[in-house]
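Visitor: Right, I'll just put the structure down here and ask away after.
In structure tokens, the structure reads:
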């Protein structure tokens, strides 16, 4: 779909209502990870450079329509100022007289952060009156919160229908990366789909089978596919009740010429803890009293071969219990291979999802991928082929 960017908007002197995601982790009153804040800086600087006045709209936590002091966005103010390199003003409401007065006092070159939109019950209900109150504060709406675009809220969807709207730099980069990877990609296209359960990724699997040439299945999900073929997976995490669905997915993939890549060897252990005694066995030789916790070296070698003959890679989910060594081996090795090919200009790599980002950060490869999305639910819903309300409203 087509959407406008900041470059398409007249921003000089404009009040630019900018929806951002700065829902960052906080401990003892301090932001502990400013990644999301740092990622919105290019948008803010672009607006300032064009003579606009950035007025930031955001949510923080889940106050459920009530004022919860510990969920005030003011806690992010220092981190925002540090990232932007200049002071950030704050208004303790996002609509009404308080917000209007703060905006009226805003000078050229200054940034204003409005209070948590979710302090108002009308935000998550996407009520038109509340969206209109927000829209009255600005001349242009810029959505830079892809991670909140799957929510039809007043500050993401409602307001976009009331003001000239565009995507911010982060949103623009996210949409461009995803459309390049799945819209009209260079082929062959490979998807890595990992994680604990097949049941949480049925829509994803169904959509990707139509769009990719190979699909690497990892994590606990792979156990379900192995068990569906009659393989004993011992005490492994496995959704045995989804055997029929797993077989159906395999048949559908075959019919659509999508190769499913399952583990040929696995790492097994009898305890789920760091540095537990482990063995590498064939995928069909898991001991009855053991559990599969990672893909084995032969599986990793096969995945590397698949990556080497791919042009595009989409990654969602780890290949094993990446949180505890040595069961992070497969994820780290595969990520390193993808990063190596990306840096060599041989592979376009796009990854996203909470566990995926955490795993790539642990492996030290996140910055070596073409694009890594910090959006969780929105990234997954996009891969599932669903329409995201916040994006649709920009069209």
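Numbering (the numbering used here), first residue to last: 79 to 473.
From the three backbone atoms N, C-alpha and C, an ideal C-beta is built for every residue, glycine too.
(1) Strictly by DSSP, which residues pair up with residue 167?
(2) For the beta strand (DSSP E) that contains residue 372, what are its first and last residues?
(3) Any contact between the region 182-190 and the region 216-233? By contact I mean 3 or more CB pairs, one from each, below 8 Å.
(4) For residue 381 versus residue 339, is the C-beta distance shorter than 8 Å?
(5) Quick check: does the Cβ of residue 410 come within less than 7 Å of any heavy atom belonging to the ligand NAD?
(6) Can you tell me whether DSSP reads residue 141 as helix, strand or coil?
(7) Give the DSSP-derived three-state secondary structure of residue 462 in the structure shown.
(8) Does residue 365 pass the burial test, meaning 16 or more other C-beta atoms within 10 Å, or should it be called exposed?
(9) If we require 3 or more residues per run, which beta strand (DSSP E) segments fall completely within the region 302-347?
(10) Out of curiosity, what's the CA-to-CA distance linking residue 144 and residue 470?
(11) Quick one: what does DSSP say residue 356 is sitting in, helix, strand or coil?
(12) Determine, using beta-carbon pairs with one atom in the region 362-379 and one in the region 306-319, whether at least three such pairs fall under 8 Å.
(13) Given this structure, state the Cα-to-Cα distance separating residue 326 from residue 275, to the nearest angstrom.
(14) Verify whether the separation of the beta carbon atoms of residue 420 and residue 446 is less than 8 Å.
(15) Roughly how many angstroms separate the alpha carbons of residue 374 and residue 352, rounded to a whole number?
(16) Short of 8 Å in beta carbon distance, which residues of its chain neighbour residue 321, apart from the five on each side in sequence? Order them along the chain.
(17) Helix, strand or coil for residue 390 per DSSP?
(18) Between 290, 271 and 281, which has its C-alpha nearest residue 299's C-alpha?
(19) Would you identify the three-state DSSP class for residue 225, choosing helix, strand or coil?
(20) Quick check on the DSSP output: the alpha helix (DSSP H) that includes residue 182 runs from which residue to which?
(21) Starting from residue 428, follow the alpha helix (DSSP H) in both directions and report where the run begins and ends.
(22) Can you find the residues in the same chain that come closer than 6 Å, C-beta to C-beta, to residue 153, ignoring five residues on each side of it along the sequence?
(23) From residue 116 to residue 248, what distance separates their C-alpha atoms?
(24) What's the C-alpha gap between residue 468 and residue 332?
(25) Starting from residue 199 and walking both ways along the alpha helix (DSSP H), at which residues does that stretch end?
(26) In this structure, how does DSSP classify residue 125 when only helix, strand and coil are distinguished?
(27) Going by DSSP, which residues form a beta bridge with residue 132?
(28) Suppose contacts are defined by Cβ-Cβ distances below 8 Å. Is residue 136 in contact with residue 126 by that definition?
(29) So, residue 209 versus residue 232, is the Cβ gap smaller than 8 Å?
(30) Along the chain, where does the alpha helix (DSSP H) that runs through residue 411 open and close?
(31) For residue 242, which residues in the same chain have their Cβ closer than 6 Å to its Cβ, ignoring the five residues on either side in sequence?
(32) Got a sec? Which residues, its chain only, sit under 6 Å from residue 139 by beta carbon, not counting five neighbours each side?
(33) Can you tell me whether residue 277 is buried or exposed? The criterion is at least 16 other CB atoms within 10 Å of its CB, across all chains shown.
(34) Whole angstroms are fine: how far does the CA of residue 426 sit from the CA of residue 172?
(35) Taking the C-alpha atoms as reference points, what is the distance between residue 309 and residue 378?
(36) Rank 448, 178, 102 and 85 by C-alpha distance to the C-alpha of residue 93 and give the top, closest one.
Guide: Straight from the coordinates:
(1) 190
(2) 369-373
(3) With contact defined as three or more Cβ pairs closer than 8 Å, the region 182-190 and the region 216-233 are not in contact.
(4) If you check the CB distance, residue 381 and residue 339 come in under 8 Å.
(5) The model on display carries no ligand, and the ligand NAD is accordingly not part of it.
(6) coil
(7) coil
(8) exposed
(9) 337-339 and 343-347
(10) 28 Å
(11) strand
(12) yes
(13) 16 Å
(14) Closer than 8 Å, so yes.
(15) Spanning the two alpha carbons is a distance of roughly 17 Å.
(16) 302, 305 and 306
(17) Under the three-state reduction of DSSP output, residue 390 falls in the strand class.
(18) Residue 271 holds the alpha-carbon nearest to the alpha-carbon of residue 299 among 290, 271 and 281.
(19) helix
(20) Counting along the chain, the alpha helix (DSSP H) containing residue 182 begins and ends at 174-182.
(21) Residue 428 -> not in any alpha helix (DSSP H); beta strand (DSSP E) instead, spanning 426-430.
(22) Once the five neighbours on either side are set aside, the close Cβ partners of residue 153 are 104.
(23) 10 Å
(24) 35 Å
(25) 199-202
(26) helix
(27) 94
(28) No, Cβ-Cβ distance for residue 136 and residue 126 is not below 8 Å.
(29) yes
(30) 407-421
(31) 218
(32) 149
(33) exposed
(34) 40 Å
(35) 20 Å
(36) 178
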